[in-house]
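The structure appears right after this line, and notes come after that.
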Amino acid sequence: MNVKKLDTAAFGEWVDTCTAAGCVYGVQAKGDRYVFEALEKASDLRLDYDVTILPPKKYLQPQRETLVTFSKESGFKSVVNEESFTLFGIHPYDMIAISQMDQIFTEDNPDVHYLTRRENATLVVCDIQNTSENIFAGAMGTATVDDGFDILVTKIGNDYLVDVRTEKGEVLASSIADAPDASEEALAQRETVQEQNRRDAVKHELKPNLEELPKLLGEAYEHAVWEEKAEQCHSCGSCNLVCPTCYCFNVCDEVDWSLKNVRRERVWDGCMLAGFALTAGGHNFRRNRADRYRHRYLRKGKYIPEKIGETGCVGCGRCITACTTKIANPVEIFNRIAEDSK
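Quick note, the numbering used here runs 276 ahead of the 1-based positions in the sequence shown.
Rendered as structure tokens:
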């Protein structure tokens, strides 16, 4: 399908067709913030949002997810959610984070729970219309995205370009198959929008090159910044829990009062939490806050790049906003280490 051009009314009609056809989670206002929630009608969709409180990964790796059920009478049963759904309005940086998770959950021991949800998801990406106060996606090369999604939506003037990339996207956009194709001028306008986003989505300027980070961080293991910043850390884990590239989880068993039925669940966890590295016997290999604080940055700038070849930070800025003591800005830490290495 060629790139389609829809006016505001036609775009709204298409969104309403999508919501009528199946489960759609789209960006909506929640006070003066924005969230992904079940979308019922096009008038509630807010593609002009700056950033959502939580990333859309919550539908691919839910905050709490049942993996297995146990019963004294019937034994155990694996639980895999096979619901089909659409995520509508994903920003490019969040799409790149999802693509990173795709790699993580596919390697070594493929995660059937994540991968089933991912296979059944149709992803509609929206080019940024308004940048948030702490975004630095432009510095991370994530202000725009070229692949991984099913449909790309870009607003140009009062119209929308709908760029279908996959078979799943064609199914979702089947009702606009006869809509007019975008002209060369409209496509050029899209390029202008994306180029502007690459420039505007840099509220915090990163001084070192991304390729330098693994080496810089590897040599900064004993840097004073870890202890210095950790003194202000509450170990609340907010930076972990709003991060689109954090995927750590804990597994726990929930037993009912009869002691006959059990749910094995996995729940979000984070390396900044005091109990994250707690092991049997009460041992904790990252007991100190400074150790946890350092691990977060080494994970983003060294460990993940060494694993998948991409920086484990997409510049959404959520951690900066969520941190009450304002010590979670990756750019600030990376710049400090780069400057001190000279």
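The beta-carbon is built from N, C-alpha and C at its ideal position, and this holds for glycine as well.
When you compare only the Cα positions, how much space is there between residue i and residue j?
i    : j    : result
D422 : H571 : 30 Å
V388 : T418 : 27 Å
A248 : V438 : Because the chain here runs from 277 to 618, residue 248 falls outside it and cannot be looked at.
E316 : T362 : 12 Å
E495 : A506 : 19 Å
V279 : K444 : 15 Å
E446 : T587 : 32 Å
M416 : V538 : 43 Å
R322 : A305 : 7 Å
G557 : N485 : 43 Å
V527 : N396 : 24 Å
D529 : Y436 : 47 Å
A285 : A449 : 15 Å
Within 10 Å of its beta-carbon, does residue i have 16 or more other beta-carbons around it, so buried, or fewer, so exposed?
i    : result
D384 : exposed
W533 : exposed
N605 : buried
C522 : buried
G513 : buried
E582 : exposed
R340 : exposed
G351 : exposed
H367 : buried
F312 : buried
Y497 : exposed
R575 : buried
G591 : buried
Please return the same chain residues whose Cβ sits closer than 8 Å to the Cβ of residue i, not counting the five positions on each side in sequence.
i    : result
K479 : T407, S408, E409, N410, I411, F412 and G593
I580 : Q376, T521, E586, T587 and G588
Between residue i and the rest of its own chain, which residues show a CB-CB distance below 6 Å, the 5 nearest in sequence each way excluded?
i    : result
A536 : Note on residue identity: the sequence assigns Lys, not Ala, to residue 536. The answer, listed in chain order, is K348.
N611 : K483
F364 : V300, G302 and V400
P331 : D370 and P520
I427 : V400, V440 and G445
F561 : A553
Where DSSP assigns a beta bridge to residue i, which residues make up the other side?
i    : result
A314 : Y301
W544 : F525
G551 : Its beta-bridge partners do not exist; DSSP assigns none.
L282 : Y436
G445 : G445 is not bridged to any residue.
V538 : F346 and V531
K306 : R309
N560 : L554
D457 : K280
Got a sec? Which residues, its chain only, sit under 7 Å from residue i by beta carbon, not counting five neighbours each side?
i    : result
W502 : A566, Y569 and R570
V469 : D403, T430 and I432
T293 : S451
V291 : A318 and L321
Please tell me whether, using a cut-off of 7 Å, the distance from the CB of residue i to the nearest non-hydrogen atom of the ligand SAH is below it.
i    : result
L336 : For the ligand SAH, the structure offers nothing, since it holds no ligand at all.
| request: Would you list, in sequence order, the uninterrupted alpha helix (DSSP H) runs of no fewer than 4 residues that lie entirely inside the stretch 359-440? | output: 368-382, 388-395 and 413-416
| message | Report the start-end ranges of each beta strand (DSSP E) in the stretch 309-357 that is 3 residues or longer and not cut off at the edges. | response | 309-314, 340-347 and 351-354
| field | Runs of beta strand (DSSP E) lying entirely within the stretch 476-533, each at least 3 residues, in chain order | value | 525-531
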